[in-house]
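Residue numbers are given in this note's numbering: position 387 of the sequence shown equals residue 1175, and the series is strictly consecutive.
Yeah, the Cβ is synthetic: ideal placement off N, Cα and C, and Gly gets one too.
Heads up: the structure comes next, in structure tokens.
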Amino acid sequence: MNDLPHPPTAPHRRPTIIVGGGPGGAMTAWTLARTGYEVLLIDAKTFPRPKPCAGWITRAALRDMELDETSYPHLLTPITRVAIGLEEGLQVTQWPEAVSYGILRRELDDLLLRRAKAAGAEVRLGCRVDRVELCSDEVIIHSGTNSIRGSLVVGAGGAACPVARAAEGKSFWKQRTRVGSQMSETHIGHHLLEQSGLGTGMPVLFPEPECDGYAWYFTKGDYLNIGVGALAGGLAIPLRRQRFLERLIRSGILPSSWKLSPFIGHSYAVWRGLRHPLAGPRHLLVGDAAGLAHDFSGEGIGPAVQSGLLAAAFIRSGAFRHPSPGSSMDPYTQSLAKLQGNGLFSAMGGFLERLPLPVRRSMVHHLCRSPWLRRRLVLEGAFLGKEL
789 MNDLPHPPTA PHRRPTIIVG GGPGGAMTAW TLARTGYEVL LIDAKTFPRP
839 KPCAGWITRA ALRDMELDET SYPHLLTPIT RVAIGLEEGL QVTQWPEAVS
889 YGILRRELDD LLLRRAKAAG AEVRLGCRVD RVELCSDEVI IHSGTNSIRG
939 SLVVGAGGAA CPVARAAEGK SFWKQRTRVG SQMSETHIGH HLLEQSGLGT
989 GMPVLFPEPE CDGYAWYFTK GDYLNIGVGA LAGGLAIPLR RQRFLERLIR
1039 SGILPSSWKL SPFIGHSYAV WRGLRHPLAG PRHLLVGDAA GLAHDFSGEG
1089 IGPAVQSGLL AAAFIRSGAF RHPSPGSSMD PYTQSLAKLQ GNGLFSAMGG
1139 FLERLPLPVR RSMVHHLCRS PWLRRRLVLE GAFLGKEL
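Written out as structure tokens, the structure reads:
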């Protein structure tokens, strides 16, 4: 993607607008700005800002962001062990070297946004988008009493992205497989975390009893990240959260004296295959705005980064504007679908949902108890994104 031609020498009359300053938007802005494009990135929040996220990134995502673990300036906890919590105890899988890393999202997102700004992107924070108009010859972003005009817009504003709403209308959520989650990230202190029941640096995943999601307990540096996520339509997330906290306290993993930061809710969509276009003549969607989070794991940073890079490449080539010959889908959407992999876990997710609960539980427990299946299918496949 780095070898594509530079933009035309004629000055751009209107900028490329990016709505959303998370990893997908920041990567798009950085890639375009450093090759000479006029870029305007806007976000409703000011950075650094708290972001509901488990804060677990793969080595591939770090590489795609062109970040080096040896020089990363913020918290970066190498992950060499992952445990799955079952009723009979923890099932631990270990690797000889780091397979993933724990980060703080507020630090990562701020770093990526600052890098985009340093490359030449204009960044406007605290700028809330009220409405997006996708016109035949331009895009218009309405923010309060102001209107911002651009040549095209990249929707990187997460699951509630106003660009996606403008492009998809009432079908925005209907065609997507939704997940609800709540999480808390608390500064506990490394010394106290080391003395706790699980020590530090090992993510522990707990399958939900309904087999439609999972909870987690993850320590990194001075911080404890606890959360739960599950497919929408089942038991309410606040009830799952309370059930999980009671389990952690009862088992001695979480001291009852620890005061956790308030839990923050978050909704997003997981990828269950190509269902609708993710680009049009004047827009492209990336990250959670496109519903790209991985099924089973819910991991969204890697797909956001990949889609941001891909969006920048297609903007530079201009090839996203029209459907491919013999297809109703544009080339950007088709390329994005290929990046999402072979669809094995999306197919498995849909299959498991149709099974009776006792059968689902039996299958999940078998996968998690078997050392080989747990390593290859559950952790390396579903959570680390390795093709099987």
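query, result
"Could you check what DSSP says for Q1094 in three-state terms: helix, strand or coil?", "helix"
"Spatial neighbours of L901 within its chain, please: CB distance less than 7 Å, with the 5 preceding and 5 following residues excluded, ordered by chain position.", "G809, A814, F835 and V911"
"Comparing alpha-carbon positions, which option in A1125, L1036, G843 and V870 lies nearest L1073?", "A1125"
"Which residue from S972, G1022 and R802 puts its Cα closest to that of W1004?", "S972"
"I believe L1165 touches L1155 by the beta-carbon criterion, under 8 Å. Please report the beta-carbon distance rounded to the nearest angstrom.", "6 Å"
"Select from H1153, L1161, A1020 and I830 the residue whose C-alpha is nearest the C-alpha of F1192.", "Because the chain spans 789 through 1176 in this model, residue 1192 falls outside it and cannot be assessed."
"For G877 and R1029, what's the separation of their Cα atoms in angstroms?", "20 Å"
"Classify T823 as helix, strand or coil using the three-state DSSP reduction.", "coil"
"Return the residue from the list A849, R802 and D1076 that minimises the CA-CA distance to R966.", "D1076"
"Measure from the alpha carbon of L1062 to the alpha carbon of each residue in P1069, G1053, S1055 and A1081, then state which is nearest.", "A1081"
"Looking only at C-alpha atoms, which of L874, A832, G1090 and H1064 sits nearest to P811?", "G1090"
"Could you please give me the residues that DSSP links to V1178 through a beta bridge?", "Lying outside 789 to 1176, the shown extent of the chain, residue 1178 is not represented and no answer is given."
"Spatial neighbours of P796 within its chain, please: CB distance less than 7 Å, with the 5 preceding and 5 following residues excluded, ordered by chain position.", "The pLDDT assigned to P796 is 42, lower than 50, so where the model puts this residue is not dependable, and the model offers no usable value."
"Apart from the five residues on each side of it in sequence, which residues of its chain come closer than 8 Å, Cβ to Cβ, to L864?", "E857, Y889, G890 and I891"
"Return yes when the Cβ of A904 is within less than 7 Å of the Cβ of A732, no when it is not.", "With the chain covering only 789 through 1176, there is no way to say anything about residue 732."
"Looking only at its own chain, which residues have a Cβ that is under 7 Å from the Cβ of E885, when we skip the five neighbours before and after it?", "T868"
"So the candidates are M1117, G1088, Y1056 and A821; which of them puts its Cα closest to the Cα of L850?", "G1088"
"Any idea if S859 is buried or exposed, counting beta-carbon neighbours within 10 angstroms, 16 or more meaning buried?", "exposed"
"Is any non-hydrogen atom of the ligand GDP found closer than 6 Å to the C-beta of G1053, if you look at the structure I gave you?", "In the structure shown, the ligand GDP is absent, as is every other ligand, since no ligand is present at all."
"Tell me whether T933 is buried or exposed, calling it buried when 16 or more other Cβ atoms sit within 10 Å of its Cβ.", "exposed"
"In angstroms with no decimal places, state the Cα-to-Cα distance between G1053 and N1013.", "14 Å"
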